[in-house]
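K.L.:
In my numbering, the protein residues as written are 245 to 442.
Supplied in structure tokens, the structure appears directly below.
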């Protein structure tokens with residue numbers, strides 16, 4: 245598979261199993277991947293129509309795939325509010341009390357750390373701490389945004405590879421100006437933390 249999710253080679257009948265990158269369904273006639281609400285082009289790494297939620301998804305390009313498919317995994321884009329099992333974690337340099345990155349995950353934390361190692365965000369001098377466990381999606385987003393701001397970890401530069409000098413958060417956990425139900429739920433959890441509630 246290449247960087248855009250296009251299969252480089254096949255063994256056997258190509259259409260026998262039509263599922264492709266991130267569970268998308270390949271349209272045999274067009275070669276596009278269907279993603280529930282729109283089609284994705286594995287040749288260009290973009291969707292061929294605008295995101296149905298527009299800019300509310302906190303992605304400045306309404307045709308782009310998510311900025312990091314290793315961490316933003318919601319196969320249908322429909323993870324309901326109240327879904328539990330999320331953890332909030334921080335990455336630190338050994339000996340430091342201030343994290344350089346805050347993240348959330350629903351998967352096993354060690355698997356997530358291995359992914360960070362693959363990108364270069366987690367190095368030989370890095371330690372991680374799980375700060376909160378078994379949160380709902382809205383609690384996790386609220387905590388993540390609160391901690392990104394508290395520790396000033398939004399230092400990563402969008403468009404540049406992750407490296408030892410570009411390893412901080414590149415984006416906010418969510419856009420605090422969102423007016424949709426999910427955005428408001430994330431903001432409510434964030435506001436609780438800002439006011440000192442737990």
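Each residue gets a CB set at the ideal place from its N, CA and C atoms; glycine is no exception.
Model, not experiment: these values are computed from the prediction.
What residues in its chain sit with their C-beta under 6 Å from that of residue 364, if we drop five residues either side in the sequence?
P.N.:
The residue you call residue 364 lines up with position 120 of the chain shown. The answer, listed in chain order, is 406, 407.
K.L.:
Where does the unbroken alpha helix (DSSP H) through residue 325 begin, and where does it stop?
P.N.:
One-based indexing of the chain shown puts residue 325 at position 81. Element bounds for residue 325: n/a, residue is neither H nor E.
K.L.:
Check for me: the alpha helix (DSSP H) holding residue 434 runs from which residue to which?
P.N.:
By one-based count along the chain shown, residue 434 stands at place 190. Here the alpha helix (DSSP H) through residue 434 covers 425-438.
K.L.:
Does the Cβ-Cβ distance between residue 293 and residue 283 come in under 8 Å?
P.N.:
Numbered from 1 along the chain shown, position 49 holds the residue referred to as residue 293. Numbered from 1 along the chain shown, position 39 holds the residue referred to as residue 283. Their beta carbons are under 8 Å apart, which means residue 293 touches residue 283 by this criterion.
K.L.:
Could you say which of 374, 394, 270, 324 lies nearest to residue 438 if we only look at CA atoms?
P.N.:
Looking up residue 438 in the chain shown gives position 194. Considering only alpha carbons, the answer is 394.
K.L.:
For a test of the three-state rule: what should DSSP assign to residue 276, helix, strand or coil?
P.N.:
Sequence index remark: in the chain shown, residue 276 carries index 32 (1-based). Coil, per DSSP.
K.L.:
To the nearest angstrom, report how far apart residue 413 and residue 335 are at their CA atoms.
P.N.:
The residue given as residue 413 occupies position 169 in the chain shown. The residue given as residue 335 occupies position 91 in the chain shown. Roughly 11 Å separates the two Cα atoms.
K.L.:
When you compare only the Cα positions, how much space is there between residue 308 and residue 291?
P.N.:
Locating residue 308 in the chain shown gives position 64, where the first residue counts as 1. Locating residue 291 in the chain shown gives position 47, where the first residue counts as 1. Straight-line Cα distance between these residues: approximately 6 Å.
K.L.:
For the pair the segment 340-355 and the segment 373-392, tell me if three or more CB-CB distances fall below 8 Å.
P.N.:
Judged by Cβ distances under 8 Å, the segment 340-355 makes contact with the segment 373-392, as three or more pairs qualify.
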